[in-house]
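Colleague:
2 protein chains.
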Amino acid sequence: MTAVGKFSTRPLYLQVKDMLIQRIAAGDWKPGAAIPNEIELSRELGISVGTVRKALDEMEHERLISRRQGRGTFVIDQTSTEHAVRFSNIRDPGAVRIGGDLVNCTIVAAAANQTEAQHLELRNGEPIFRIHRLRAHHGVPLMVEESIVPQALFPGLERETDDSPSIVVLARHYGVLLGRAEEKVGVAAAKGDVAKLLGVEENTPVLLLDRVVRTIDGRPIEWRLASCNLRQNYYLAEMN
Amino acid sequence: MTAVGKFSTRPLYLQVKDMLIQRIAAGDWKPGAAIPNEIELSRELGISVGTVRKALDEMEHERLISRRQGRGTFVIDQTSTEHAVRFSNIRDPGAVRIGGDLVNCTIVAAAANQTEAQHLELRNGEPIFRIHRLRAHHGVPLMVEESIVPQALFPGLERETDDSPSIVVLARHYGVLLGRAEEKVGVAAAKGDVAKLLGVEENTPVLLLDRVVRTIDGRPIEWRLASCNLRQNYYLAEMN
DNA sequence: AAGTGGTCTAGACCACGGA
DNA sequence: CCGTGGTCTAGACCACTTA
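Order-wise, the sequence lines are chains A and B.
Take 1 as the starting number for the first sequence in our numbering and just add one per residue.
Take 241 as the starting number for the second sequence in our numbering and just add one per residue.
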C-alpha cells in the first residue's frame, strides 16, 4: 500500500488520479512515455483494476494520458503539434487550429497591479512577469499579446535564454499541467503600436482576446490580452 | 430481453444508451420525469447494472439526464432556464449566460440555397424555413438573427401560432434532442436594417455570430447568423 | 427505514497491436 | 503468440434523500 488509503472520505479512484497526476507532474513518467498497465498499477496500489480504470478514464478525458487498446497508456506531450494550440480558437481556412509563430518576445519582471492580481487570483503587488509577444502566421503578423504569469510558478524565467513561445511550452518546462481556459472575445480598433506591429492602418477593427488559462487544479496560471488580425482565419468556439 | 443484444459488434452499453435516448426522444419519459432505477433497467434488459451505469454516465455527461444520489435519475428539461441558453456564449456583467428575449419573429418557407444547404448538410433546393428574430435583453436590443432550419424536422412550423423563440424550444416541441454546436465569431459594421433594429448608428461595430447547432446524432439542425450589440455584456468561450 | 445512485471488488472474456 | 486496454458480469457496501 502506498499513498492511497481507504479511510479517507475522498473516493479511492480520485486519490489514485491525484497520485498519478502528481507523479506525471513530478516527471516520474515523461511526456510520451508509457505508464504501467492497469493490472500492475492495481497490484502496486493494492486495489481493484476497475478503480484504476476509472481514474485513468478521467485522466484521458482531461487529456493527460492517451490509451490505446493493444498498445498501452501514454503520457500526452502537451507541446506536441496536436496539443500545443488547444487554447487557441483561431482556425486557418482549413479549419485547423493555429497559434501563430513567435516573432518577438520580451519579458519584464514586475509587481502585480490590481487587475493582474484579480485575474491570477494573487494579492496586489505579488511578483509577476509581463511577457510581450508578436506572433505571425505564414510570415504575416497575426497577433500581439501581453501575457501575465506569476513569478512563483516560473522561477528564473526572465533569465531564460530560450524564448518562451507560449504558456503550453512554459508549463511543460516548469512541470506544470494545464487544465481549462476561458476567453472573452471582443472587438477594438487597432491603435498606435498595435496597428504598427500588426501592419494595419490605425482604427482597423481587430479581435480582442482576453484569456485566463488554469492549471489542472483550477488555479489561474496565465492572463493574456491579445489583439488579433484574423485576415482569412477565423475564431471558432465549440459548445457542448 | 428487449432491443439490445449481445451479438452485435457495437458495445452493449452504447446500445443501451441508444435505446434510452430513443425512448426519451419518443416521449416515453417526459422532461423532468424520473427514469427507472439502475437495478430495474438492468433487470428489464437482462444485463448487468455496471453496463447500465456506463450508458447513464455518458448520457449525464451529454446533459440528457441528471442523476442524484438518493433521489434518482431524471430527464433534463432542455428548455429550463438553466439549459435553454447553453448554446449562447453571451454573458451579462454577472457572468450568467443570456440568450435575449424574443421581440419579433417572422418565418418564411423556402428552398435551401447553396450556402444554406452546405451548412445544414442538405441538398440544394431542399425545403427550409428562414426565421428572422429580434432579441432584447432588459428591453434593450441585443441581436438580430436569421435562423435556417430544415422543414423535414419541423413540419408545419410556419403555421404555429406560438412564436418559436429559439432552437432549444423548437427542438423540444418537435421531439429532437440537441447535442453540440460550433460558432464562428467575427466582427462587422452594422448597416441599414441591422443598425436600425439594434438601435445603433450605421457602421457601429457589432459581433457576428455564425453558429451551427447539431442534434445528439451529430446532424446539423440549425444554421444561425446573428449580429449582436454586446454593450456591457460579453462573449465568453470555454476551452478544455 | 426504505430506496436511490456512488464506490469498489474480483473475476471473465474480447479486440487490438506488435513481435 | 503475448500483452494491452475495452467490455461485461455479479455481487457488496456506502452515502445520500425522502418519508
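The C-beta atom is built at its ideal place from N, Cα and C for all residues, glycine as well.
Taking the alpha-carbon positions, what's the GLN69/A to GLU201/A distance?
Modeller: The alpha-carbon atoms of GLN69/A and GLU201/A are separated by roughly 54 Å.
Colleague: Determine the burial state of PRO395/B: buried for a count of at least 16 other Cβ atoms within 10 Å of its Cβ, exposed for fewer.
Modeller: So PRO395/B ends up on the exposed side.
Colleague: Confirm, please, whether the CB-CB distance from GLY267/B to GLY415/B is below 8 Å.
Modeller: Yes, the pair counts as a contact, with Cβ atoms nearer than the cut-off.
Colleague: Among residues of its own chain, excluding the 5 on either side of LEU437/B, which ones have a beta-carbon nearer than 7 Å to its beta-carbon?
Modeller: Cβ within range, chain order: LEU374, PRO381, VAL384.
Colleague: Rounding to the nearest angstrom, what Cα-Cα distance links LEU417/B and THR291/B in this structure?
Modeller: Using only the alpha carbons, I get a separation of about 23 Å.
Colleague: Quick one: is VAL425/B near chain A, going by C-beta distance under 8 Å?
Modeller: Output row for VAL425/B: interface = yes.
Colleague: Identify, in the order they occur along the chain, each residue of the same chain with its Cβ nearer than 7 Å to the Cβ of ALA435/B, setting aside the five sequence neighbours on each side.
Modeller: The answer, listed in chain order, is GLU441, GLU442, THR444.
Colleague: State the Cα-Cα distance for the pair VAL408/B and VAL187/A, rounded to the nearest angstrom.
Modeller: So the two alpha carbons sit approximately 28 Å from each other.
Colleague: Taking C-beta to C-beta, are ALA236/B and ASN104/A nearer than 8 Å?
Modeller: Past the boundaries of the shown model lies residue 236/B; chain B is included only from 241 to 480, so the question cannot be answered.
Colleague: Of the residues that make up the stretch 396 to 420 of chain B, which ones have a beta carbon closer than 9 Å to any beta carbon in chain A?
Modeller: Of all residues in the stretch 396 to 420 of chain B, GLY419, ARG420 have a Cβ within less than 9 Å of some Cβ in chain A.
Colleague: In whole angstroms, what is the alpha-carbon distance linking ALA181/A and GLY432/B?
Modeller: C-alpha separation (whole angstroms): 37 Å.
Colleague: Return the CA-CA distance between ARG412/B and GLY339/B, expressed in angstroms with no decimal places.
Modeller: Each residue's Cα considered, the two are about 17 Å apart.
Colleague: Considering just the uninterrupted stretch of the alpha helix (DSSP H) at ARG392/B, what are its terminal residues?
Modeller: Residue identity check: residue 392/B is Ala in the sequence provided, not Arg. Careful: ALA392/B lies outside any alpha helix (DSSP H) and carries neither H nor E.
Colleague: Identify every run of the alpha helix (DSSP H) within the stretch 246 to 289 of chain B, keeping only runs that are complete inside it and at least 4 residues long; order them along the chain.
Modeller: Taking only runs of at least 4 residues, the alpha helix (DSSP H) segments lying wholly in the stretch 246 to 289 of chain B are 252 to 266, 278 to 285.
Colleague: Should VAL425/B be labelled buried (16 or more other beta-carbon atoms within 10 Å of its own) or exposed?
Modeller: Buried.
Colleague: May I ask you to list the residues that DSSP assigns as paired with ARG224/A?
Modeller: According to DSSP, ARG224/A bridges with SER147/A, ARG211/A.
Colleague: If you draw a straight line from the C-alpha of ALA243/B to the C-alpha of PHE314/B, how long is it?
Modeller: At ALA243/B the pLDDT is 42, less than 50, meaning the model places this residue with poor confidence and gives no usable figure here.
Colleague: Could you tell me whether any Cβ in chain B is nearer than 8 Å to the Cβ of ALA112/A?
Modeller: Not an interface residue.
Colleague: Could you give the DSSP three-state label for ALA111/A: helix, strand or coil?
Modeller: Strand at ALA111/A.
Colleague: Thinking just about the alpha-carbon of each residue, which of ALA109/A, PRO150/A, ASP101/A is nearest to the one in ARG123/A?
Modeller: Checked all of ALA109/A, PRO150/A, ASP101/A; the closest Cα to ARG123/A is PRO150/A.
Colleague: Determine which residues share a DSSP beta bridge with PRO445/B and list them.
Modeller: In the DSSP output, where bridge partners are listed per residue, PRO445/B has ALA429/B.
Colleague: How do the stretch 291 to 302 of chain B and the stretch 246 to 263 of chain B stand: do at least 3 beta-carbon pairs fall below 8 Å, yes or no?
Modeller: The stretch 291 to 302 of chain B is in contact with the stretch 246 to 263 of chain B.
Colleague: For MET59/A and SER404/B, what's the separation of their Cα atoms in angstroms?
Modeller: C-alpha separation (whole angstroms): 41 Å.
Colleague: Is there at least one Cβ from chain A nearer than 8 Å to ASN480/B's Cβ?
Modeller: So, interface residue.
Colleague: Measure the alpha-carbon distance for MET479/B versus GLU222/A and round it to whole angstroms.
Modeller: Taking the straight line from one Cα to the other gives about 14 Å.
Colleague: Taking the C-alpha atoms as reference points, what is the distance between GLU146/A and LYS257/B?
Modeller: Rounded to whole angstroms, GLU146/A to LYS257/B spans 46 Å at the Cα level.
Colleague: Return the first residue and the last residue of the alpha helix (DSSP H) that ALA171/A is part of.
Modeller: Taken as a continuous stretch (DSSP letters only), the alpha helix (DSSP H) holding ALA171/A covers 167 to 173.
Colleague: Can you give me the start and stop residues for the beta strand (DSSP E) that ALA237/A sits inside?
Modeller: Residues 234 to 239.
Colleague: Any beta carbon of chain B sitting closer than 8 Å to that of GLU267/A?
Modeller: The shown model of chain A, from 1 to 240, leaves out residue 267/A, and the question about it has no answer.
Colleague: Report all residues from its chain with a CB closer than 6 Å to the CB of THR346/B; omit the five preceding and five following residues, and keep chain order.
Modeller: Around THR346/B: HIS372.
Colleague: Cα-Cα, which of ILE21/A, HIS137/A, ILE39/A is closest to ARG231/A?
Modeller: When only C-alpha atoms are compared, the closest one is HIS137/A.
Colleague: Give the single residue among HIS359/B, ALA430/B, GLN354/B, ILE388/B whose Cα lies nearest to the Cα of VAL348/B.
Modeller: For the residues HIS359/B, ALA430/B, GLN354/B, ILE388/B, the minimum Cα distance to VAL348/B belongs to ILE388/B.
Colleague: Would DSSP call ALA136/A helix, strand or coil?
Modeller: If DSSP states are grouped into helix, strand and coil, ALA136/A belongs with the strands.
Colleague: When you compare only the Cα positions, how much space is there between ARG337/B and ILE35/A?
Modeller: Straight-line Cα distance between these residues: approximately 40 Å.
Colleague: For ASN104/A, which three-state DSSP category applies?
Modeller: Residue state, collapsed to three classes: strand.
Colleague: Roughly how many angstroms separate the alpha carbons of GLN318/B and ARG307/B, rounded to a whole number?
Modeller: So the alpha carbons of these two residues sit roughly 15 Å apart.
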